[in-house]
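This report concerns only the one structure given below.
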């Protein structure tokens, strides 16, 4: 009888050990409200290679995004409509490589697919993948890992100051870069109004650059900006009548 109890005790210890090993090394289901993906990094610790990305923001340091940024795979990039969205990311399910930290990054670039390679194409559809700046990757994982499984979720963007509008183009064509957007972060609609016009629908050129062929030179400019959650902010007379191409003007914030 005592021998049976002894074997029963060792069996339970072994069973509990196996359960613990499975929890640490096996496939775990993502917790509620989080999605599973993978993450790599590009560029050096200075983030030089992360500038001038596919969202059109240009110098991310000057624009206020810093190095807290990521490029998105095709499945997440959504042809540029996700530019400006913010994601909370943490390494997951890898005791060897994960660090105990969480990051929040803004989508500023595109991780292009590569259909010529048979495997290892993490940015090919339908995979959900984040190509982080190196400083951000090294907050959540060991550098030598190269690629790690992660969990992610959309979070509200927190920005300093108002929404900013950089005016590019010429007398026949106006291109507005909309950036520093809080809340949902990703802009889905922009309208512009001159002091002598009604509201004009703008079309998206690329990334978060919005265009119109209306001649608005010599008029003060107002903007309506709508984000993916349906919220709209109207900024009246953001740019004065003597606005200049290349100028940056600040409006209201979400």
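Numbering (mature numbering (1 follows the signal peptide of the UniProt record, and there is no 0)), first residue to last: -27 to -1, 1 to 227.
Don't be surprised by glycine CBs; every beta carbon is placed ideally from N, CA and C.
Since this is a predicted model, take the numbers as computed values, not measurements.
Three or more beta-carbon pairs under 8 Å between the segment 59 to 78 and the segment 133 to 142, yes or no? no
Residue 108 and residue 26 look like a contact to me (Cβ under 8 Å); what is the Cβ gap, rounded to whole Å? Between residue 26 and residue 108 the Cβ distance is about 16 Å, and since that is not below 8 Å, they are no contact.
Ends of the beta strand (DSSP E) at residue 77? 75 to 83
What is the DSSP secondary structure of residue 205, counted as helix, strand or coil? strand
Does the segment 176 to 184 come close enough to the segment 96 to 103 to have 3 or more Cβ pairs within less than 8 Å? no
Rounded to whole angstroms, how far is the Cβ of residue 201 from the Cβ of residue 159, which I believe are closer than 8 Å? 5 Å
How long is the line joining the alpha carbons of residue 79 and residue 32, rounded to whole angstroms? 14 Å
Just to confirm the assignment, what range does the alpha helix (DSSP H) spanning residue 48 have? Taken as a continuous stretch (DSSP letters only), the alpha helix (DSSP H) holding residue 48 covers 47 to 50.
Quick check on residue 34: buried or exposed, where buried means 16 or more other Cβ atoms within 10 Å of its Cβ? exposed
Find out if the Cβ-Cβ distance for the pair residue 120, residue 64 is shorter than 7 Å. No, they are not a contact pair.
Residue range of the beta strand (DSSP E) that includes residue 184: Counting along the chain, the beta strand (DSSP E) containing residue 184 begins and ends at 182 to 185.
Would you say residue 104 and residue 6 are within 7 Å of each other, going by their C-beta atoms? no
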